[in-house]
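J.:
There are 2 protein chains.
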Amino acid sequence: MITIKDIARVAGVSHTTVSRALNGNPLIKKETRDKIEKIAAEMNYIPNYSAKSLVMKKSYTIGLFFSSIDQGTSASFLVDVIKGIHLVLDENYSLTVHGIDGIQHFDAILPQRFDGILVMSQSDADNAFIYHVKQMGIPLVVLNRHLEDPGIMNVVANDRAGVKEAMDYAITQGHRRFAIIEGKAGFKSSTERKQGFMDSLIAHRLPLVPEYFAAGDYGVESGYAAMCSLLALPEPPSLVFCANDDMAIGAMNACYAKGITIPSQLSLIGFDDILFARYTNPALTTVHKPVADISKLGTTKLIELMQEPSAVTGQLFVKTAFMVRQSVASV
Amino acid sequence: MITIKDIARVAGVSHTTVSRALNGNPLIKKETRDKIEKIAAEMNYIPNYSAKSLVMKKSYTIGLFFSSIDQGTSASFLVDVIKGIHLVLDENYSLTVHGIDGIQHFDAILPQRFDGILVMSQSDADNAFIYHVKQMGIPLVVLNRHLEDPGIMNVVANDRAGVKEAMDYAITQGHRRFAIIEGKAGFKSSTERKQGFMDSLIAHRLPLVPEYFAAGDYGVESGYAAMCSLLALPEPPSLVFCANDDMAIGAMNACYAKGITIPSQLSLIGFDDILFARYTNPALTTVHKPVADISKLGTTKLIELMQEPSAVTGQLFVKTAFMVRQSVASV
DNA sequence: AATAAAAATGCACACGTGAAAAATGTTTGT
DNA sequence: ACAAACATTTTTCACGTGTGCATTTTTATT
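Going down the list, the sequences are from chains A and B. Read in order, the letters of the first sequence correspond to residues 1 to 331 in our numbering. Read in order, the letters of the second sequence correspond to residues 1001 to 1331 in our numbering.
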């Protein structure tokens, strides 16, 4: 492996000069710099990041930590997240990936090890981890899950506006009786999506019918159960908004079991736009959660925080996209 | 941050002794070692891996590279892969994750940067990368895709046996007219799965009907198209094996469109057991690809290769699991 | 008790890099 | 012509760790 000292010998200068030339230090004369850069390229020089890390007290590593409650939604998004990050991340940083639940002791989460940390969070069980990171003073961005703390940089989708957009569309399609299968109680995202649902109804002066609010927990089974109870009502809704696609799939199965045809007898809207939303029968109309955008913006912000630790933090919202497919009929 | 020199000062020994004690060097007297270990624990010492890397010429990093043709299957498996790896991987190694297609130039793929590399391969387009890694002399294990080269450690599922098991089951359920929708031409996995299909038919002395071999390319659309052509036959099959779940989903949609009910009018078997196989309508009977097991075994082998670069390489097969759900009827 | 052998520890250096301080060369001002 | 200011480069050291070899301490043998 060749080092700056090797280059120095060939160029007839000291290794310090080489170091400066290669790092864009203005102290070096232009022609010297050019000569050194040429030699470095010819000799195929690649810096030793261990040595760099040691002296610069930087790790050139950023960590991505994801929570995976069960095999839940975050799983299928992970590839998009990683791709999004790599699009933005400087070439000479490397990205290490960990499951939060796989961490034995937080002791190894040190500023020395990570120049920055991204948390792709699903659950408030991640808070212990998040506050450990914050307390260690490691630049931190939390993705995907809405946090209350204004001291932590937080990038999330604008769920509320996204749901409202979808509902507004449903109303233009002639629907009037709307039900919702809600997300897990206590999750910020559940509240936000429910709010978007209500925003639209209220804006259109439609009634909020208590029987049309069904509980769910983001699991497929809960969508199935909730749909069964909705269908058992004397006057069932004409459209059901499910707070995520998993529950929408459960709800679809319930309809299938009861002999209800979608969308002719009942319309359905989901949230997330998971990979298989387009392959359900019929294809699911849903609100796309912009995972790649969230990751890119989050990474950008993380880089800012790394350069300027006192940069302002707070919530940042990314727009959702409404995906019209086949599960909503016009009536 | 505290260093071995700090510990040395407190313990009243040289930093050399501390280094040896903490690394299990037998030159150190037991009581000295105990004392040093105690002090190190009390002072909350954590080794500086940059310095370690520099002097040991190791990176303490292993790289996971995955190919993602489109948003394909590998995507949803990634979490399982990462978890599988972490189960086996030593705590003081970190795992960096990259998309192969995101690599600009192979120059940065150096022994200096990676102590070992795992490739989660989907396509033979990865070969250029794989051979670069091999040529650099970096310990390497290729997962998921069957390679011919005996010089490369390769861990894959035993697709052929897995498909045969599924087909044997279908035969016990009374089926006699079997069709297959094949995988992408030229892929080793396509051939293997087709072989398993034929193995079973031949073992049971059932005829191989040329019209029942339909071409596919692992994409959802190709499953749809293939199923349409099968349904158009004068005597359609009673069961269709799809070389992966994506195509099975496409095939299901085709049946739905033609008014064919699964499984009463036609049975279906898939391969992979993707996350949503259990949420199709009806739930898809399929062959589970043991991604976590492949990852664990692959990582174990990689560690062996890292310790003993001359260790024997070759193919290693992991057993699949047959998942009986609702898409196969007994006739 | 003397001496050899063995066990335990310390010294000095190396790894590749970057930075402060020092040295050298170059230009400008009077 | 000489000093002062400036531009460029080199010298020296530091970062935290591991290792060959020298040195000291302990143990065993006579």
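Glycine residues also receive a C-beta, built at the ideal position from the N, C-alpha and C atoms. Owing to the predicted nature of the structure, the values given are computational and were not obtained by experimental measurement.
Measure from the C-beta of B/Met1252 to each C-beta in chain A and report whether the shortest distance is under 9 angstroms.
T.: Counting from 1 along the second sequence, the entry for residue 1252 of chain B is found at position 252. It does; some Cβ of chain A falls within 9 angstroms.
J.: Note the first and the last residue of the continuous alpha helix (DSSP H) segment covering A/Ala21.
T.: On the first sequence, position 21 is the one that residue 21 of chain A refers to. Here the alpha helix (DSSP H) through A/Ala21 covers His15 to Leu22.
J.: Any C-beta of chain A sitting closer than 9 angstroms to the C-beta of B/His1098?
T.: Within the second sequence, numbered from 1, the residue matching residue 1098 of chain B stands at position 98. With 9 angstroms as the cut-off, B/His1098 counts as an interface residue toward chain A.
J.: Residues of chain A with a CB under 9 angstroms from the CB of B/Met1120: which are they?
T.: Numbered from its first residue, the second sequence carries residue 1120 of chain B at position 120. Here the premise fails: no neighbours, minimum Cβ distance about 11 angstroms.
J.: Quick test of the definition: if touching needs 3 or more C-beta pairs under 8 angstroms, does the segment 1037 to 1048 of chain B touch the segment 1094 to 1103 of chain B?
T.: Verdict: no, contact absent.
J.: Nearest-angstrom Cα distance between B/Asp1006 and B/Val1055?
T.: Along the second sequence, read from residue 1 onward, the residue named residue 1006 of chain B stands at position 6. Along the second sequence, read from residue 1 onward, the residue named residue 1055 of chain B stands at position 55. If I take the Cα positions, the gap works out to 19 angstroms.
J.: Answer with yes or no whether the minimum CB distance from A/Gly219 to chain B is below 9 angstroms.
T.: Position 219 of the first sequence, counting from 1, holds the residue named residue 219 of chain A. For A/Gly219, the answer is no, since every Cβ of chain B falls outside 9 angstroms of its Cβ.
J.: Looking at the unbroken alpha helix (DSSP H) that takes in B/Met1056, where does it start and where does it end?
T.: Residue mapping note: residue 1056 of chain B aligns to position 56 of the second sequence, counting from 1. Taken as a continuous stretch (DSSP letters only), the alpha helix (DSSP H) holding B/Met1056 covers Tyr1049 to Met1056.
J.: Which residues, in order along the segment 34 to 46 of chain A, keep a beta-carbon less than 9 angstroms from a beta-carbon of chain B?
T.: Flagged, chain order: Asn44 and Ile46.
J.: Taking the DSSP output, what are the residues bridged to B/Ser1190?
T.: The residue labelled residue 1190 of chain B in the question sits at position 190 within the second sequence. For B/Ser1190, which the question treats as bridged, DSSP gives no partner whatsoever.
J.: Suppose you measure from the CA of B/Phe1213 to the CA of B/Ile1180; what does that come to, to the nearest Å?
T.: To locate residue 1213 of chain B, count along the second sequence from 1; it is residue 213. To locate residue 1180 of chain B, count along the second sequence from 1; it is residue 180. Distance between the alpha carbons of B/Phe1213 and B/Ile1180: 5 angstroms.
J.: Return the residue from the list B/Gln1195, B/Leu1305, B/Phe1114 and B/Ser1121 that minimises the CA-CA distance to B/Lys1058.
T.: Sequence index remark: in the second sequence, residue 1058 of chain B carries index 58 (1-based). Per the Cα distances, B/Phe1114.
J.: Which residues in chain A have a C-beta closer than 8 angstroms to the C-beta of B/Lys1301? List them in chain order.
T.: As a working note, residue 1301 of chain B is residue 301 in the second sequence. Result: empty, since nearest Cβ-Cβ is about 21 angstroms, beyond 8 angstroms.
J.: Any C-beta of chain A within less than 8 angstroms: which residues of the segment 1100 to 1132 of chain B qualify?
T.: Cβ contacts with chain A come from Gly1102, Gln1104, Asp1107, Ala1108, Leu1110, Gln1112 and Arg1113.
J.: How would you label A/Met1, buried or exposed, when you count the other beta carbons within 10 angstroms and need 16 or more for buried?
T.: Within the first sequence, the letter at position 1 stands for residue 1 of chain A. Classification of A/Met1: exposed, given that the 10 Å Cβ count is below 16.
J.: With a floor of 3 residues, list each beta strand (DSSP E) that falls wholly inside the segment 1248 to 1306 of chain B, ordered by position along the chain.
T.: As far as the segment 1248 to 1306 of chain B is concerned, its whole beta strand (DSSP E) runs of at least 3 residues are 1267 to 1272 and 1285 to 1288.
J.: Let me see if you follow: with CB-CB separation under 9 angstroms, is B/Phe1276 close to chain A or not?
T.: Reading the second sequence from its first residue, position 276 is the one you call residue 1276 of chain B. For B/Phe1276, the answer is yes, since a Cβ of chain A falls inside 9 angstroms of its Cβ.
J.: What runs of the alpha helix (DSSP H), each 4 residues or longer, lie entirely inside the segment 1149 to 1193 of chain B?
T.: Here the runs fully enclosed are 1159 to 1172.
J.: Mind checking who B/Thr1061 pairs with in its DSSP beta bridge?
T.: Residue mapping note: residue 1061 of chain B aligns to position 61 of the second sequence, counting from 1. Its beta-bridge partners are B/Ser1094.
J.: With a threshold of 9 angstroms between beta carbons, is B/Val1088 in contact with chain A?
T.: Looking up residue 1088 of chain B in the second sequence gives position 88. For B/Val1088, the answer is no, since every Cβ of chain A falls outside 9 angstroms of its Cβ.
J.: Counting only beta-carbon separations shorter than 9 angstroms, does A/Tyr49 have a partner in chain B?
T.: Position 49 of the first sequence, counting from 1, holds the residue named residue 49 of chain A. True, the Cβ-Cβ gap to chain B drops below 9 angstroms.
J.: Could you tell me whether the Cβ atoms of B/Pro1309 and B/Ala1157 are closer together than 9 angstroms?
T.: For the purposes of this step, residue 1309 of chain B is identified with residue 309 of the second sequence, where counting begins at 1. For the purposes of this step, residue 1157 of chain B is identified with residue 157 of the second sequence, where counting begins at 1. Not in contact: B/Pro1309 and B/Ala1157 (Cβ atoms no closer than 9 angstroms).
J.: Determine, using beta carbons only, whether B/Ser1068 and B/Gly1024 come nearer to each other than 9 angstroms.
T.: Locating residue 1068 of chain B in the second sequence gives position 68, where the first residue counts as 1. Locating residue 1024 of chain B in the second sequence gives position 24, where the first residue counts as 1. No, the pair does not count as a contact, with Cβ atoms beyond the cut-off.
J.: Quick check on DSSP: helix, strand or coil for B/Phe1066?
T.: If you number the second sequence from 1, residue 1066 of chain B lands on position 66. Strand at B/Phe1066.
J.: For the segment 189 to 200 of chain A, which residues have a beta carbon sitting closer than 7 angstroms to at least one beta carbon of chain B?
T.: Taking 7 angstroms as the Cβ-Cβ cut-off against chain B, none of the residues of the segment 189 to 200 of chain A qualify.
J.: Can you check the segment 192 to 245 of chain A for any alpha helix (DSSP H) of at least 4 residues that lies completely inside it and give the ranges in chain order?
T.: Correct list: 220 to 231.
J.: Examine chain A for any beta-carbon lying closer than 9 angstroms to the beta-carbon of B/Met1227, and answer yes or no.
T.: The residue given as residue 1227 of chain B occupies position 227 in the second sequence. It does not; no Cβ of chain A falls within 9 angstroms.
J.: Where B/Asp1168 and B/Leu1266 are concerned, what is the direct C-alpha to C-alpha distance, given to the nearest angstrom?
T.: To locate residue 1168 of chain B, count along the second sequence from 1; it is residue 168. To locate residue 1266 of chain B, count along the second sequence from 1; it is residue 266. Their backbone Cα atoms lie some 17 angstroms apart in a straight line.
J.: Can you find a CB in chain B that lies within less than 9 angstroms of the CB of A/Leu95?
T.: Against the first sequence, residue 95 of chain A aligns to sequence position 95. For A/Leu95, the answer is yes, since a Cβ of chain B falls inside 9 angstroms of its Cβ.
J.: Nearest CA to the CA of A/Arg325: which residue from A/Lys296, A/Ile262, A/Gly298 and A/Tyr49?
T.: On the first sequence, position 325 is the one that residue 325 of chain A refers to. For the residues A/Lys296, A/Ile262, A/Gly298 and A/Tyr49, the minimum Cα distance to A/Arg325 belongs to A/Ile262.
J.: Leaving out five residues before and five after A/Gly116 in sequence, what residues of the same chain have Cβ atoms less than 8 angstroms from its Cβ?
T.: For this step, residue 116 of chain A is matched to residue 116 along the first sequence. Correct list, in chain order: Ile62, Gly63, Ile138, Pro139, Leu140, Val141, Leu302, Ile303, Leu305 and Met306.
J.: The alpha helix (DSSP H) that contains A/Gln135, what's its start and end?
T.: For this step, residue 135 of chain A is matched to residue 135 along the first sequence. Where A/Gln135 is concerned, the enclosing alpha helix (DSSP H) stretches over Asn127 to Gln135.
J.: Counting only Cβ pairs nearer than 8 angstroms, list the residues of chain A close to B/Ile1249.
T.: Here residue 1249 of chain B refers to the residue found at position 249 of the second sequence. Per Cβ cutoff of 8 angstroms: Phe276 and Tyr279.
J.: Hey, is B/Lys1134's beta-carbon within less than 9 angstroms of any beta-carbon in chain A?
T.: As a first step, residue 1134 of chain B is located in the second sequence; it is residue number 134 there, counting from the start. No, its Cβ sits nowhere closer than 9 angstroms to a Cβ of chain A.
J.: Alpha carbon to alpha carbon, how far is B/Leu1143 from B/Tyr1131? Give it in angstroms, no decimals.
T.: To locate residue 1131 of chain B, count along the second sequence from 1; it is residue 131. To locate residue 1143 of chain B, count along the second sequence from 1; it is residue 143. Computed Cα separation, rounded: 14 angstroms.
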